[in-house]
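Quick note on our numbering: the sequence shown kicks off at 24 and runs consecutively.
Okay, so here's the structure we're looking at.
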Amino acid sequence: MGSSRRSGLVFYKLVLRSLAVLSLLGLTGVAGIVYYYSHDLPSRLDLTSNYQPAVVSTVYDVEGHPIGEFYHQRRVVVPLERIPSHAIQAFLAAEDARFFKHKGVDGFAILRAVFSNLKRGEIREGGSTLTQQLVRGFFLTPERTLKRKIREAILAIRVERNHTKEEILYLYLNQVYFGHGNYGVEAASRDYFGKGVDQLSLGEAALLAGLPRSPSRGSPYRDFFAAMERQRYVLKRMYQESFITEAAYREALDTSIRLTPAPVLNSQIAPHFVEYIRQTIGDRYGFAPLLQGGLHIYTSLDTALQMAAKKTVREGLDEIRLRIRKKAGPGDPGKGEVEGALLALDPQTGSVRALVGGHDFSLSEYNRALQAKRQPGSAFKPIIYSAALESGLSELSVVRDGPLSFRMAPGKYWRPQNYGNRFFGPVTLRSALAHSLNSVAVRLVDRIGLERVIRQARKLGIESPLEKNLSLALGSSSVSVIELVRAYAVFANGGQLAEPLFITKVTDRDGRVLEEKGPNLKQVLSPEVSYVVTDMLKNVIQSGTGRAAARLGRVVAGKTGTTSEFRDGWFIGYTPDLVTGVWVGYDDHRPVGDRETGARTALPIWLNFMILGGQGAGSEDFPVPEGIDWLEVNLKGAGYPLPVFESSPLTKIPFVNGSNVAPPAPRKTKEPDSDLTLEETDVGQQSSVAATLVPEP
């Protein structure tokens, strides 16, 4: 009996020793496996202190509303307290209901997944915790291998040791991918529902929570019914886990889901403007910070004006295109349609308020407001007249409008013409500018000198190359829309040249200011000369080629421009608080069409933009500088020439003290009248030869 008992004890001891040895070998094996798969993994993880994932850089308008986004990954990081509890619970129910009970790996979930997959005969569940999914996204590849699963589990346990559950949730909900380029629950909420995560309903939160399992195939944009099936599964799991009541569950099931996609900002509001911002910030800071760094870029754009600009440019060009087709029949579609551009600028600050670079950004990203260089025609003439005023002339100075001939080469002559080859003899500068008399502009340039005119253009912000010949008087040298608008802004704001202001401030993702800019103005013209030019341009609207702009119903100054063969149509007009330039033409410099002048193509777009943009209210006039004197005069009675197109002989003329306002000597013969029409008089006669022009003897 005692021998039998001793034999039994020996047997049990052998079993225990064997189990101990096996356990030791097992632990040693596990330790070896852990070491083998984890020796190159970080032993201590700190994911929160330096958490700076790639996030969206946003462009804002002048009111702080977003108008553009740049990103590799569309992510907007939000703190955990911004995410409502029902949204957090939806993700837990969908992916890891025992999240607050496990230490990174959930054995129960793994066993449940194994049995579920065996029952279904296919792999449908993985048993991964939120923590495992998080480390997979941070450190591992998505490949389905045993090695990756082991490394994933090791990392998850290490993460749980060094982070609170709340920190892990914060990281997960800002990292997880939801499809269509959206990373993080805030970006997904904005994209699918057009609102922040803090405004999500229970049903909407459940739909988002169902996406990370299969963000592409399960997208509601791609398969709405599949997405809703997954949403119902999430709601059921929430109810089963007692996250929500039965009443809330039933209500969420019965509530319809409406997708409200966020607008594609870059292409919907100000595409040419936003593209210019992208290029500028990318060149200044690098494209990696722009696409990943979460920059906040504040601009001068006024969205209300911008939307008015987009609408009126498109509608105006559509009308012109239809008119051209009716005149000429079907054209060659390969050559492209007539295009246009608009730029509006605050003359007091230089802030660009609206910019349209073409009819349709999706068809052509070419920015005709900033990049295109086109002949301005008569729209260049105010620059010449400003130089003439600085030389001592006045609105009432008289210049002869008559035939001119310049030798360009042996046997070749350039003879600038007014429209219809009509001339008027002596005319005041006031009348000559109002009706774009070409020979007067040429005589002025010849009188004050080409170099002086070019210097004047440079003072007013024209940086493009300028031809050194008298055809410059008729706008033969190409300039950009923004250059011409900037030059007219000098006349509008008392002689100050404003640097165009697009970007007012840039901050990093944490709100630190990287740059901040305000108005940059330089006095380049006297306030008195600027005011007299403005008064002359007001007369263009009152009685000249820009008379249609008077329909705005407030004080306006401006000038039309049309180049030879009607290749370019311009109108630059301004009020005391906004300067707007419009250009119309073909990209390949083809003629737009017979009689398609600036007054007929560009001016209607300008007028409709100003009206739609709310610029027609009020009657504010331009402030009068202290150095301005006034002359009340009856032009006819005082002996000044009075062409038939002068609106009234009785007028009040401003002039700079010391300038020439004396009437001319009495004329011996009466100047002939003319049937010259208002619309036709701004057509330029540019020379295509850049040689120096010599007066014919």
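Don't be surprised by glycine CBs; every beta carbon is placed ideally from N, CA and C.
About 7 Å separates the beta carbon of Ile-320 from that of Tyr-83, a gap short enough to meet the 8 Å contact definition. Beta-bridge partners of His-612 (DSSP): none assigned. Residue environment for Trp-606: buried (at least 16 other C-beta atoms within 10 angstroms of its C-beta). Listed in chain order, the non-local C-beta contacts of Pro-550 below 6 Å within the same chain comprise Gly-517, Gly-518, Pro-648, local neighbours out to five positions each way being set aside. The shortest CA-to-CA distance from Gly-636 to any of Ala-411, Arg-174, Ala-377, Asn-492 is the one to Ala-377. Relative to Phe-248, the option among Leu-196, Ser-279, Asp-531, Arg-574 whose CA is nearest is Ser-279. Rounded to the nearest whole angstrom, the C-alpha separation of Glu-619 and Ile-347 is 9 Å. When DSSP states are grouped into helix, strand and coil, Val-361 belongs to the coil group.
Annotation: the continuous alpha helix (DSSP H) that includes Pro-550 extends over 550-566. Taking a contact to require three or more Cβ pairs closer than 8 Å, the stretch 593-610 and the stretch 566-579 qualify as touching.
Contact check between the stretch 446-457 and the stretch 380-392: fewer than three CB pairs, one atom from each, fall below 8 Å, which does not count as touching. For Leu-575, the closest alpha carbon among the candidates Pro-627, Thr-568, Leu-560, Asp-617 is that of Pro-627. Ranking Trp-629, Val-656, Glu-92 by CA distance to the CA of Leu-318 puts Glu-92 first. Take Leu-489, set aside five residues on each side of it, and the residues of its chain with a beta-carbon closer than 7 Å to its own are Ile-477, Ala-480, Leu-495, Ser-500, in chain order.
In terms of Cβ geometry, Leu-194 and Leu-157 form a close pair [threshold 7 Å]. In this structure, the beta-carbon distance from Thr-283 to Gly-241 does not fall below 7 Å. With a cutoff of 7 Å on beta-carbon distance, Val-556 and Ser-420 are scored as not near each other.
Taking all protein chains in view, the Cβ of Tyr-436 is surrounded by fewer than 16 other Cβ atoms within 10 Å, so the residue is classified as exposed. Between the C-alpha atoms of Arg-181 and Asp-221 there is a straight-line separation of about 31 Å. In this structure, the CA atom of Ser-462 is about 55 Å from the CA atom of Pro-312. Spatial neighbours of Glu-269 in its own chain (CB-CB distance under 7 Å, excluding positions within 5 residues in sequence) are listed in chain order as Tyr-262. Bounds of the beta strand (DSSP E) holding Tyr-436 are 435-437. By the neighbour-count criterion, in which a residue is buried when 16 or more other Cβ atoms sit within 10 angstroms of its Cβ, Pro-286 is exposed. Judged by DSSP in its simplified three-state form, Asp-591 adopts strand.
Inclusion of Leu-225 and His-109 in the CB contact set at 7 Å is warranted, their separation being smaller than that value.
Between Val-85 and Arg-97 a beta carbon distance of about 24 Å is seen, past the 8 Å cut, so the two are scored as non-contacting.
Going by DSSP, Val-257 is part of the alpha helix (DSSP H) stretching over 247-263.
Out of Asp-591, Leu-416, Phe-632, Phe-310, the CA that lies nearest to the CA of Ala-367 is found in Phe-632. The beta carbon of Val-379 sits closer than 7 Å to those of His-295, Ala-332, Lys-333, Val-336, Ala-364, Leu-365, Ala-392, all from its chain and outside the five residues before and after it, given in chain order. The straight-line gap separating the alpha-carbon atoms of Asp-69 and Thr-154 is approximately 13 Å. DSSP, reduced to helix, strand and coil, places Leu-225 within a helical segment of the structure shown. Across the set Glu-655, Ala-232, Ile-191, the C-alpha of Ala-232 shows the shortest separation from the C-alpha of Tyr-200.
Across the set Gly-373, Ala-622, Gly-219, Glu-418, the C-alpha of Glu-418 shows the shortest separation from the C-alpha of Thr-674. By the neighbour-count criterion, in which a residue is buried when 16 or more other Cβ atoms sit within 10 angstroms of its Cβ, Leu-520 is buried. Val-468 is positioned such that its CB atom lies closer than 7 Å to that of Leu-493.
A check of alpha carbon separations from Thr-81 across Arg-423, Thr-530, Thr-603 identifies Thr-530 as the nearest.
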